[in-house]
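**Student:** Quick note on numbering: the sequence shown equals residues 304 to 995 in my numbering. A virtual CB, placed ideally from N, CA and C, is assigned to each residue, including glycine.
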Amino acid sequence: MHKLERLLRPKSIAVFGGAQAAAVVAQSIKMGFAGEIWPVHPTKDEVAGRKAYRSVADLPGAPDAAFVGVNRHLTIEVIKALAERGAGGAVCFAAGFLETEAYDDDGERLQAELVAAAGQMPIIGPNCYGLINYADGALLWPDQHGGIRLAEGGKGVAIITQSSNIAINMTMQKRGLPIAFLMTAGNQAQTGLSEMALGLIEDERVTSLGLHIEAFDSVAGFERLAARARELKKPIIAMKVGRSEQARQATVSHTASLAGSDAASGAFLRRLGIARVDSIPAFIEALKLLHITGPLPGYRLSSMSCSGGEASVMADSAEGRWVNFPVLTDSHRAHVKSTLGPLVAVANPLDYHTFIWNNEPAMTATFTAMVSGGFDLNMLVLDFPRPDRCSVTDWWATLRAFESALKTNKAHGAIVSSLPENLPEEYTAELMARGMVPLFGISEAMDAAGAAAFIGWAWAEPQAQPIDTSASGAPGGDHVAPDEAEAKSRLIKAGLPVPKGERAANAVEAVISSMALGFPVALKALGVTHKSEVGAVRLNLRDAETVSTAAHDLLPLGTGLYVERMVRDGVAELIVGFTRDPMFGAVMTLGTGGVLVELLRDSVTLMLPATRDDIEAALRGLKLFPLLEGYRGRPKADVAAAIDAISGIAAFVQQNAGEIEELDINPLIVCAEGKGAWIADALLVLGENKNV
Numbered sequence: 304m305h306k307l308e309r310l311l312r313p314k315s316i317a318v319f320g321g322a323q324a325a326a327v328v329a330q331s332i333k334m335g336f337a338g339e340i341w342p343v344h345p346t347k348d349e350v351a352g353r354k355a356y357r358s359v360a361d362l363p364g365a366p367d368a369a370f371v372g373v374n375r376h377l378t379i380e381v382i383k384a385l386a387e388r389g390a391g392g393a394v395c396f397a398a399g400f401l402e403t404e405a406y407d408d409d410g411e412r413l414q415a416e417l418v419a420a421a422g423q424m425p426i427i428g429p430n431c432y433g434l435i436n437y438a439d440g441a442l443l444w445p446d447q448h449g450g451i452r453l454a455e456g457g458k459g460v461a462i463i464t465q466s467s468n469i470a471i472n473m474t475m476q477k478r479g480l481p482i483a484f485l486m487t488a489g490n491q492a493q494t495g496l497s498e499m500a501l502g503l504i505e506d507e508r509v510t511s512l513g514l515h516i517e518a519f520d521s522v523a524g525f526e527r528l529a530a531r532a533r534e535l536k537k538p539i540i541a542m543k544v545g546r547s548e549q550a551r552q553a554t555v556s557h558t559a560s561l562a563g564s565d566a567a568s569g570a571f572l573r574r575l576g577i578a579r580v581d582s583i584p585a586f587i588e589a590l591k592l593l594h595i596t597g598p599l600p601g602y603r604l605s606s607m608s609c610s611g612g613e614a615s616v617m618a619d620s621a622e623g624r625w626v627n628f629p630v631l632t633d634s635h636r637a638h639v640k641s642t643l644g645p646l647v648a649v650a651n652p653l654d655y656h657t658f659i660w661n662n663e664p665a666m667t668a669t670f671t672a673m674v675s676g677g678f679d680l681n682m683l684v685l686d687f688p689r690p691d692r693c694s695v696t697d698w699w700a701t702l703r704a705f706e707s708a709l710k711t712n713k714a715h716g717a718i719v720s721s722l723p724e725n726l727p728e729e730y731t732a733e734l735m736a737r738g739m740v741p742l743f744g745i746s747e748a749m750d751a752a753g754a755a756a757f758i759g760w761a762w763a764e765p766q767a768q769p770i771d772t773s774a775s776g777a778p779g780g781d782h783v784a785p786d787e788a789e790a791k792s793r794l795i796k797a798g799l800p801v802p803k804g805e806r807a808a809n810a811v812e813a814v815i816s817s818m819a820l821g822f823p824v825a826l827k828a829l830g831v832t833h834k835s836e837v838g839a840v841r842l843n844l845r846d847a848e849t850v851s852t853a854a855h856d857l858l859p860l861g862t863g864l865y866v867e868r869m870v871r872d873g874v875a876e877l878i879v880g881f882t883r884d885p886m887f888g889a890v891m892t893l894g895t896g897g898v899l900v901e902l903l904r905d906s907v908t909l910m911l912p913a914t915r916d917d918i919e920a921a922l923r924g925l926k927l928f929p930l931l932e933g934y935r936g937r938p939k940a941d942v943a944a945a946i947d948a949i950s951g952i953a954a955f956v957q958q959n960a961g962e963i964e965e966l967d968i969n970p971l972i973v974c975a976e977g978k979g980a981w982i983a984d985a986l987l988v989l990g991e992n993k994n995v
């Protein structure tokens with residue numbers, strides 16, 4: 304049994320506090336909770352019509368769940384008494400703990416005392432609203448909510464948020480999403496979001512899980528959650544905040560959470576097979592789609608509407624996304640064409656025109672022909688008329704025709720409204736019962752389809768190894784940056800592909816070294832971080848005279864000179880960067896390199912360890928990749944050598960994870976096939992007094 308079992312699915316609830324506690328009692332009664340409800344109050348004889356008790360010791364038994372809605376100091380006392388009595392768990396409503404550390408010296412101490420008082424008893428929060436169990440009618444919730452209890456034997460999604468107000472808003476949705484459980488995580492003082500999620504997905508009434516994440520409680524915890532979700536075939540959607548600096552600062556003030564790097568967070572979620580969405584409407588729609596269809600097997604969509612305008616909007620909405628509307632094959636097009644008149648141009652998205660509107664047999668034939676193409680999700684664009692001014696009668700003929708087409712082809716289907724308000728909530732339950740997912744808004748529908756398809760793709764791949772967090776933790780305060788000559792010496796010792804080079808103290812030594820290495824050479828000023836910005840590098844020097852002249856120019860800029868054999872036959876330049884993330888350890892950024900790296904912003908972030916397949920997939924996802932394949936007749940690049948080099952650099956970082964704060968290879972020059980990939984520049988940053 305999961306350690307949160309009693310708290311999540313209680314048979315008895317104890318409630319502590321004043322107005323909020325009374326609301327908890329009333330909410331559970333209203334929802335038809337069949338178990339015991341025991342209010343605890345020092346002076347009242349009853350709360351919301353239920354007998355009140357004076358203390359934990361006076362309760363008839365050890366409660367499965369408790370809502371503690373008293374001040375922060377008294378909360379600690381109540382939690383200690385509940386733990387000693389053997390309670391199953393508690394929600395801590397009070398604020399004023401670690402989230403106040405910036406302006407209240409007591410907050411951190413009180414949170415530590417709270418955790419100590421709980422001992423082995425699970426607690427949720429503090430600084431959170433709690434839990435709504437719509438499956439059993441158990442509400443440890445002190446405010447209004449907009450949800451309804453699940454019907455006997457019904458199923459729904461589970462949602463966990465780190466914001467109580469966002470949680471309330473989600474219960475008020477009118478989009479038809481059936482919710483089985485809703486939880487808020489608060490400060491995650493003892494029980495983290497991943498542990499709550501593990502408790503929820505074990506419930507057979509939960510079909511999928513939605514997470515609003517400000518910060519990850521545990522890397523290992525999320526890895527366990529993702530693995531268990533895959534075993535149970537219960538997909539997870541995440542809305543991870545923290546893309547902006549303002550959002551990261553807000554998370555700290557909200558729940559004392561460390562948001563960390565957004566790029567690393569996104570890479571972590573992708574690695575786990577958790578789909579990420581960026582808005583609350585997309586979050587709701589993706590959960591709804593997954594509730595009905597589960598993960599989609601692929602990204603191929605079809606769309607049908609009786610308007611060319613809608614067909615164009617649908618086509619444009621897929622632009623730049625992984626989901627797409629594939630061109631119909633000749634035989635499929637002919638099949639669809641045979642069901643329509645000569646004036647209809649058959650394509651995907653399909654505008655079937657109004658010629659067959661309200662002709663159910665004709666629409667059934669066309670829809671059945673279109674859906675027969677084996678698409679991963681079939682969409683019917685359909686906005687309903689206003690029921691207060693118009694008639695909806697004709698629309699049901701269209702819905703029946705689509706339902707028949709889906710059943711005939713055993714296919715997934717969705718009704719997509721172009722405007723969210725044009726799909727009334729009262730129709731959603733029947734649509735879902737008929738196997739048609741009601742999706743509100745075209746953009747949100749595309750987000751949902753993309754998320755479901757991503758999970759389907761991720762689950763078809765082998766499960767990723769646990770990430771290496773050995774370098775996690777806050778970076779050291781003082782850093783040491785060896786110059787390029789020293790950094791490259793360390794890379795050479797690790798067996799990495801670095802062009803031959805030598806340190807030079809003056810122009811004479813630079814000339815001698817260049818002659819020994821062989822022309823052409825590159826000459827650089829040492830001790831300069833961003834050489835190109837200050838003109839501290841000269842390339843393609845082809846004789847002793849140009850080397851001497853360049854050396855005299857560069858000497859005043861740095862601490863010495865570095866002469867290096869020039870890399871020839873370069874096809875493309877990559878950046879391979881590593882930084883220490885406080886949550887995830889060493890994180891790799893792979894992208895288009897060179898002097899325009901910040902301007903082009905063509906990069907992807909990977910967790911370590913990264914396999915060769917991971918690295919190749921990341922390269923193929925770059926806008927640069929066509930250049931590596933021989934764009935417009937140019938020579939093909941040595942991609943295999945590039946992957947070897949990147950793998951080797953990643954291994955070097957992992958082997959020295961405790962010492963390396965940062966490593967920036969820019970550029971890694973990828974040469975023509977058979978000529979390798981070479982580390983042309985390297986910036987290495989170590990913690991103070993650390994040696995690689």
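Kindly provide the ranges of any alpha helix (DSSP H) runs that are 4 or more residues long and lie completely inside the segment 700 to 751, ordered along the chain.
**Tutor:** Listed in chain order, the complete alpha helix (DSSP H) runs (minimum 4 residues) inside the segment 700 to 751 are 728 to 736.
**Student:** Am I right that Phe757 and Ala578 are in contact with their C-beta atoms under 8 angstroms? What's the rounded C-beta distance?
**Tutor:** As a position in the sequence shown, residue 757 is number 454, starting the count at 1. As a position in the sequence shown, residue 578 is number 275, starting the count at 1. About 5 angstroms separates the two Cβ atoms, so the contact holds.
**Student:** Should Pro802 and Ile982 be called a contact, given that it needs their Cβ atoms to be closer than 9 angstroms?
**Tutor:** As a working note, residue 802 is residue 499 in the sequence shown. As a working note, residue 982 is residue 679 in the sequence shown. Going by C-beta atoms, Pro802 is nearer than 9 angstroms to Ile982.
**Student:** Can you list, in chain order, the stretches of the beta strand (DSSP E) that have 3 or more residues and sit fully within the segment 784 to 830?
**Tutor:** If we require 3 residues or more, the beta strand (DSSP E) runs fully inside the segment 784 to 830 come out as 804 to 807 and 824 to 828.
**Student:** Out of Phe743, Ala483 and Gly990, point me to the one whose CA is closest to Gly440's CA.
**Tutor:** Locating residue 440 in the sequence shown gives position 137, counting from the first residue. Selected option, being the one with the closest Cα: Ala483.
**Student:** Which residues bound the alpha helix (DSSP H) around His638?
**Tutor:** Sequence index remark: in the sequence shown, residue 638 carries index 335 (1-based). Its alpha helix (DSSP H) spans residues Asp633 to Lys640.
**Student:** Just the C-alpha distance for Arg703 and Ala337, rounded to the nearest angstrom, thanks.
**Tutor:** As a position in the sequence shown, residue 703 is number 400, starting the count at 1. As a position in the sequence shown, residue 337 is number 34, starting the count at 1. Arg703 and Ala337: Cα-Cα distance of roughly 39 angstroms.
**Student:** Using only alpha-carbon positions, find the residue among Tyr437, Asp408, Ala421 and Gly479 that is nearest to Pro741.
**Tutor:** For the purposes of this step, residue 741 is identified with residue 438 of the sequence shown, where counting begins at 1. Of Tyr437, Asp408, Ala421 and Gly479, the residue nearest in Cα terms is Gly479.
**Student:** Restricting to Cα atoms, I'd like to know which of Gly936, Gln465 and Ala944 is closest to Leu922.
**Tutor:** Your numbering for residue 922 matches position 619 in the sequence shown. Nearest C-alpha to Leu922: Ala944.
**Student:** Does Ser817 pass the burial test, meaning 16 or more other C-beta atoms within 10 Å, or should it be called exposed?
**Tutor:** Here residue 817 corresponds to residue number 514 of the sequence shown, with the count starting at 1. When all chains shown are included, Ser817 counts as buried.
**Student:** What residue does the alpha helix (DSSP H) around Arg573 start on, and which one ends it?
**Tutor:** Position 270 of the sequence shown, counted from the start, is the residue given in the question as residue 573. Arg573 -> alpha helix (DSSP H) spans Asp565 to Leu575.
**Student:** Please work out which residues of its chain come closer than 8 angstroms, Cβ to Cβ, to Arg357, disregarding the five sequence neighbours upstream and downstream, and give them in chain order.
**Tutor:** Looking up residue 357 in the sequence shown gives position 54. Contacts found: Val343, His344 and Pro345.
**Student:** From Ala322 to Glu380, what distance separates their C-alpha atoms?
**Tutor:** Locating residue 322 in the sequence shown gives position 19, counting from the first residue. Locating residue 380 in the sequence shown gives position 77, counting from the first residue. C-alpha separation (whole angstroms): 19 angstroms.
**Student:** By how many angstroms is the C-alpha of Thr701 removed from the C-alpha of Ala665?
**Tutor:** The sequence position of residue 665 within the sequence shown is 362, counting from 1. The sequence position of residue 701 within the sequence shown is 398, counting from 1. Distance between the alpha carbons of Ala665 and Thr701: 10 angstroms.
**Student:** Taking Leu417 as the reference, which of Arg388, Met473, Ala948 and Leu377 has the closest Cα?
**Tutor:** In the sequence shown, residue 417 corresponds to position 114, counting from 1. Nearest of Arg388, Met473, Ala948 and Leu377 to Leu417, Cα basis: Leu377.
**Student:** Taking Ile952 and Glu919 to be in contact with their CB atoms under 8 angstroms, please state how far apart those CB atoms are, rounded to whole angstroms.
**Tutor:** Counted from its first residue, the sequence shown places residue 952 at position 649. Counted from its first residue, the sequence shown places residue 919 at position 616. Not a contact, Cβ separation roughly 15 angstroms.
**Student:** Looking at the unbroken beta strand (DSSP E) that takes in Ser606, where does it start and where does it end?
**Tutor:** The residue given as residue 606 occupies position 303 in the sequence shown. Leu604 to Ser608 is the span of the beta strand (DSSP E), which, as asked, contains Ser606.
**Student:** Rounded to whole angstroms, what is the Cα-Cα separation between Ile316 and Gln447?
**Tutor:** As a first step, residue 316 is located in the sequence shown; it is residue number 13 there, counting from the start. As a first step, residue 447 is located in the sequence shown; it is residue number 144 there, counting from the start. Distance between the alpha carbons of Ile316 and Gln447: 18 angstroms.
**Student:** Compute the Euclidean distance between the alpha carbons of Glu517 and Pro425, then round it to the nearest angstrom.
**Tutor:** Within the sequence shown, numbered from 1, the residue matching residue 517 stands at position 214. Within the sequence shown, numbered from 1, the residue matching residue 425 stands at position 122. If you take the alpha carbons of Glu517 and Pro425, they lie about 21 angstroms apart.
**Student:** Mind checking Cys693: buried by the 16 CB within 10 Å criterion, or exposed?
**Tutor:** Within the sequence shown, numbered from 1, the residue matching residue 693 stands at position 390. When all chains shown are included, Cys693 counts as exposed.
**Student:** Suppose contacts are defined by Cβ-Cβ distances below 9 angstroms. Is Lys796 in contact with Asp984 by that definition?
**Tutor:** Taking the first residue of the sequence shown as position 1, residue 796 is located at position 493. Taking the first residue of the sequence shown as position 1, residue 984 is located at position 681. Taking 9 angstroms as the Cβ cut-off, Lys796 and Asp984 do not qualify as a contacting pair.
**Student:** Along the chain, where does the alpha helix (DSSP H) containing His594 start, and where does it finish?
**Tutor:** Counted from its first residue, the sequence shown places residue 594 at position 291. From DSSP, the alpha helix (DSSP H) with His594 extends over Ile583 to Thr596.
**Student:** Does DSSP put Lys354 in a helix, in a strand, or in coil?
**Tutor:** Against the sequence shown, residue 354 aligns to sequence position 51. It is a strand residue.
**Student:** Could I get the ranges of all uninterrupted alpha helix (DSSP H) runs contained in the segment 376 to 433, with 4 residues as the minimum, in chain order?
**Tutor:** Entirely contained in the segment 376 to 433, the alpha helix (DSSP H) runs reaching 4 residues are, in chain order, 409 to 421.
**Student:** Considering only the alpha carbon of each residue, which of Pro688, Asp407, Gly364 and Lys536 lies closest to Ala386?
**Tutor:** On the sequence shown, residue 386 is found 83 positions in, with the first residue counted as 1. When each option's Cα is compared against that of Ala386, the closest is Gly364.
**Student:** Taking the C-alpha atoms as reference points, what is the distance between His557 and Asn430?
**Tutor:** Taking the sequence shown and counting its residues from 1, the one referred to as residue 557 is at position 254. Taking the sequence shown and counting its residues from 1, the one referred to as residue 430 is at position 127. Only weak support exists for where His557 lies, its pLDDT of 32 falling under 50; the value from the coordinates is given anyway. For His557 and Asn430, the distance between alpha carbons rounds to 9 angstroms.
**Student:** Going by CA-CA distance only, name the one from Leu987, Met682, Pro598 and His594 that's closest to Ala763.
**Tutor:** Residue 763 sits at position 460 when you count from the first residue of the sequence shown. Measuring from the Cα of Ala763, the nearest candidate turns out to be Pro598.
**Student:** Report the three-state DSSP secondary structure of Ala614 (helix, strand or coil).
**Tutor:** Here residue 614 refers to the residue found at position 311 of the sequence shown. Residue state, collapsed to three classes: helix.
**Student:** Please report the Cβ distance between Gly830 and Gly861, rounded to the nearest whole angstrom; I am assuming they are in contact, meaning their Cβ atoms lie under 8 angstroms.
**Tutor:** If you number the sequence shown from 1, residue 830 lands on position 527. If you number the sequence shown from 1, residue 861 lands on position 558. So it is a contact: roughly 4 angstroms between Cβ atoms.
**Student:** I need the straight-line Cα distance from Phe658 to Gly450, nearest angstrom please.
**Tutor:** In the sequence shown, counting from the first residue as 1, residue 658 sits at position 355. In the sequence shown, counting from the first residue as 1, residue 450 sits at position 147. One C-alpha to the other measures close to 41 angstroms.
**Student:** Name the residue from Leu413, Gly399 and Met499 whose alpha carbon lies nearest to the alpha carbon of Ile435.
**Tutor:** Here residue 435 refers to the residue found at position 132 of the sequence shown. Taking only the C-alpha atoms, the option nearest Ile435 is Met499.
**Student:** Could you pull the start and end residues of the beta strand (DSSP E) that Lys251 belongs to?
**Tutor:** Limits of the chain in this structure are 304 at one end and 995 at the other, which puts residue 251 out of reach.
**Student:** Say whether the segment 709 to 721 touches the segment 681 to 697, bearing in mind that this needs 3 or more beta-carbon pairs closer than 8 angstroms, one atom from each stretch.
**Tutor:** Segments in contact, yes.
**Student:** Using the Cα positions of Ala603 and Gly611, report the straight-line distance between them to the nearest angstrom.
**Tutor:** Start at 1 with the first residue of the sequence shown, and residue 603 comes out as number 300. Start at 1 with the first residue of the sequence shown, and residue 611 comes out as number 308. The amino acid occupying residue 603 in the given sequence is Arg; Ala does not appear at that position. Looking at the two C-alpha atoms, the distance is approximately 20 angstroms.
**Student:** Work out the CA separation of Ala853 and Glu622 for me, nearest whole Å.
**Tutor:** By one-based count along the sequence shown, residue 622 stands at place 319. By one-based count along the sequence shown, residue 853 stands at place 550. The straight-line gap from Cα to Cα measures roughly 49 angstroms.
**Student:** What residues in its chain sit with their C-beta under 8 angstroms from that of Ser582, if we drop five residues either side in the sequence?
**Tutor:** Numbered from 1 along the sequence shown, position 279 holds the residue referred to as residue 582. The answer, listed in chain order, is Met542, Glu747 and Asp750.
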